[in-house]
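Numbering (numbering that gives the first Met the number 0), first residue to last: 0 to 229.
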Amino acid sequence: MKRSNRLFEIIQILRAADNPLRAEDLAEQLEVSPRTIYRDIAALQAMQTPIEGAAGIGYVMRRGYDLPPLNFDTEEIEALRVGLAMLSRTGDSALEHAAARIHAKIDALHGPADWLQVSPWGAPFDDPAKGCVQGAALRYAVRTAHKLQFTYRDGHGNTTCRVIRPVALVYHVECKMVAAWCELRAGFRHFRTDRIYDCIVLDESFADQADALRALWAEQNDWRHEGLTA
Numbered sequence: 000m001k002r003s004n005r006l007f008e009i010i011q012i013l014r015a016a017d018n019p020l021r022a023e024d025l026a027e028q029l030e031v032s033p034r035t036i037y038r039d040i041a042a043l044q045a046m047q048t049p050i051e052g053a054a055g056i057g058y059v060m061r062r063g064y065d066l067p068p069l070n071f072d073t074e075e076i077e078a079l080r081v082g083l084a085m086l087s088r089t090g091d092s093a094l095e096h097a098a099a100r101i102h103a104k105i106d107a108l109h110g111p112a113d114w115l116q117v118s119p120w121g122a123p124f125d126d127p128a129k130g131c132v133q134g135a136a137l138r139y140a141v142r143t144a145h146k147l148q149f150t151y152r153d154g155h156g157n158t159t160c161r162v163i164r165p166v167a168l169v170y171h172v173e174c175k176m177v178a179a180w181c182e183l184r185a186g187f188r189h190f191r192t193d194r195i196y197d198c199i200v201l202d203e204s205f206a207d208q209a210d211a212l213r214a215l216w217a218e219q220n221d222w223r224h225e226g227l228t229a
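In structure tokens form, the structure reads like this:
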């Protein structure tokens, strides 16, 4: 997370808190060290953000401090609420946590809308304890154009070791798939993420090929209609 985003998150967390929060509490939520939180709090206080407290005691945001409102109309806000809620269907735990943070910001500015509900059933969650690959790792590999190495078990139980160049992540109702150039098959393949095990993001980059591969994949594959198999 970029520092600017983290500073914004600290403000939002403190605004929503009913009690003082220790640096350790903030560090756990933001997945950084307490030392980083101390530095961030000092930076915010230097920018005249009304955060009060001290190390070992906890921090609070002085009441009345607010951020500029989001410039969305009612329909746009409701579209955001539904779209964010539907991320629970993707099975991508990192995206769902991010959606929850955004939802909290919307609620803080506009109040809750408990009458607007979305069914959470969809793809299984990417639980590392069950050996599942995390969606965040796949999105990172696609975004940064890094190769992936993993063990893949197809629908018939056959197991292969693959090295791929991921070009897209496709979310379906009951699963998500990585679209990639597979070095074993020397062609584009689609891998269900719930059948991927022991996944490693390799240091080897294919950034100089990523755009061309993605364009070729889009040209060759109408994934909205065709069966997707590895």
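Ideal placement from N, C-alpha and C gives every residue a C-beta, glycine not left out.
Please read all numbers here as calculations on a predicted model, not as lab measurements.
Using a 10 angstroms sphere on the CB of residue 160, the tally of other CB atoms stays under 16, which defines it as exposed. Selection 141, 149, 79, 89 evaluated against residue 130 yields 149 as nearest (Cα-Cα).
If the five residues before and after residue 198 are omitted, its C-beta is found closer than 7 angstroms to the C-beta atoms of 132, 136, 147, 149, all from its own chain and listed in chain order. In the three-state reduction of the DSSP assignment, residue 10 falls in the helix class.
Among the bridge pairs identified by DSSP, residue 59 is matched with 51. If you draw a straight line from the Cα of residue 126 to the Cα of residue 51, it comes to about 38 angstroms.
Inclusion of residue 43 and residue 12 in the CB contact set at 9 angstroms is not warranted, their separation being larger than that value.
Residue 59 is positioned such that its CB atom lies no closer than 9 angstroms to that of residue 4. Ranked by Cα distance from residue 34, the first of 55, 175, 151, 15 is 55.
Under the three-state reduction of DSSP output, residue 134 falls in the helix class.
A Cβ-Cβ contact shorter than 9 angstroms links residue 116 with residue 84. Three or more Cβ pairs closer than 8 angstroms define a contact, and the segment 70-83 meets that threshold against the segment 93-105. In this chain, the alpha helix (DSSP H) harbouring residue 33 covers 33-45. In the DSSP assignment, residue 83 falls within the alpha helix (DSSP H) that extends over 73-85. Out of 208, 118, 71, 112, the CA that lies nearest to the CA of residue 87 is found in 118.
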